[in-house]
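Quick note: the sequence shown, position 86, residue 86 per our numbering, numbers continuous.
Beta carbons are placed, not taken as given, at the ideal position from N, Cα and C, and that holds for glycine.
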Amino acid sequence: LHWHATITAEKFSFKKKKKTPCAQLPLFLIFLFCLLKFIKVLSTIHPGIIFEVMLNKWNLPAPNLVVSLVGEEENFQMKPWLRDTLKKGLIKAAQSTGAWIFTSALRVGITRHLVQAIRDHALASTSSRVKVIAIGITSLRKIQQDDAELVWKWREKKNIIKA
1 LHWHATITAE
11 KFSFKKKKKT
21 PCAQLPLFLI
31 FLFCLLKFIK
41 VLSTIHPGII
51 FEVMLNKWNL
61 PAPNLVVSLV
71 GEEENFQMKP
81 WLRDTLKKGL
91 IKAAQSTGAW
101 IFTSALRVGI
111 TRHLVQAIRD
121 HALASTSSRV
131 KVIAIGITSL
141 RKIQQDDAEL
151 VWKWREKKNI
161 IKA
């Protein structure tokens, strides 16, 4: 069993569902890194509905800026000084502007460095008001095919999706 969020213009609900074969899932997974929340949505859903869920159900503040962090879906080596500069810069930019950072939900490539930066920031920060909001979006099919690369090693048990 796994948790499945049903989102339509009229309602929002969570239900336990039996595992569905990957070929039958035209779904995307949207994962909020800092709060360890996720929803599965059809690829045809209107983005405004997802935005309303993020604001009203997840209680996120509206973004002042939206940053899309895009890169190849493969691991690569980055020089330590460049990696540290990237991590600090992303965190500082997100905090100072109230930005939402969008990326893939896979723990590879540039997203791996973003997730490490968020984790390091969360462990070092004592202030709950300065959260970094990073949102991963990926095809559920990609996650089921690539389960070893998932970000959710540190997820909440009630939100587990088993492939």
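For V66, which residues from the same chain have a beta carbon less than 7 Å from its beta carbon, with the 5 sequence-adjacent residues on both sides left out?
Excluding sequence positions up to five before and after V66, its CB lies within less than 7 Å of the CB of A99, W100 and F102, all in the same chain and listed in chain order.
Can you name the start and end residues of the beta strand (DSSP E) that I137 belongs to?
Annotation: the continuous beta strand (DSSP E) that includes I137 extends over I133 to S139.
Around the Cβ of V53, are there at least 16 other Cβ atoms within 10 angstroms (buried) or fewer (exposed)?
Per the 10 Å Cβ criterion, buried.
Among I110, K87 and T44, which has the Cα closest to the Cα of G136?
Ranking I110, K87 and T44 by CA distance to the CA of G136 puts I110 first.
Could you check if K37 is buried or exposed, using at least 16 other CB atoms within 10 Å of its CB as the buried criterion?
With 16 or more other Cβ atoms within 10 Å, it is buried.
Quick one: measure Cβ to Cβ for M78 and H113, integer angstroms, because I've assumed they're closer than 8 Å.
With a Cβ gap of about 7 Å, M78 and H113 count as contacting.
Would a C-beta distance cut-off of 7 Å place K92 and A117 closer than the cut-off?
No.
Hey, V132 and A94: beta-carbon distance below 7 Å or not?
Here V132 is near A94, since their CB atoms are less than 7 Å apart.
Where A122 sits in the DSSP three-state scheme
The answer is helix: DSSP assigns A122 an H, G or I state.
What are the complete beta strand (DSSP E) segments, minimum 3 residues, inside the segment 71-95?
Secondary structure in the segment 71-95: no beta strand (DSSP E) run of 3 residues or longer lies completely within the stretch.
Which one or two residues does DSSP pair with F102 in a beta bridge?
The bridge partners DSSP lists for F102 are S68 and I135.
Helix, strand or coil at L60 [DSSP, three-state]:
In the structure shown, L60 sits in coil (DSSP, three-state: anything other than H, G, I, E or B).
Using the C-alpha atoms, what's the distance from K40 back to Q24?
Reliability of the predicted coordinates at Q24 is poor, the pLDDT of 47 falling under 50, and no value is obtained from them.
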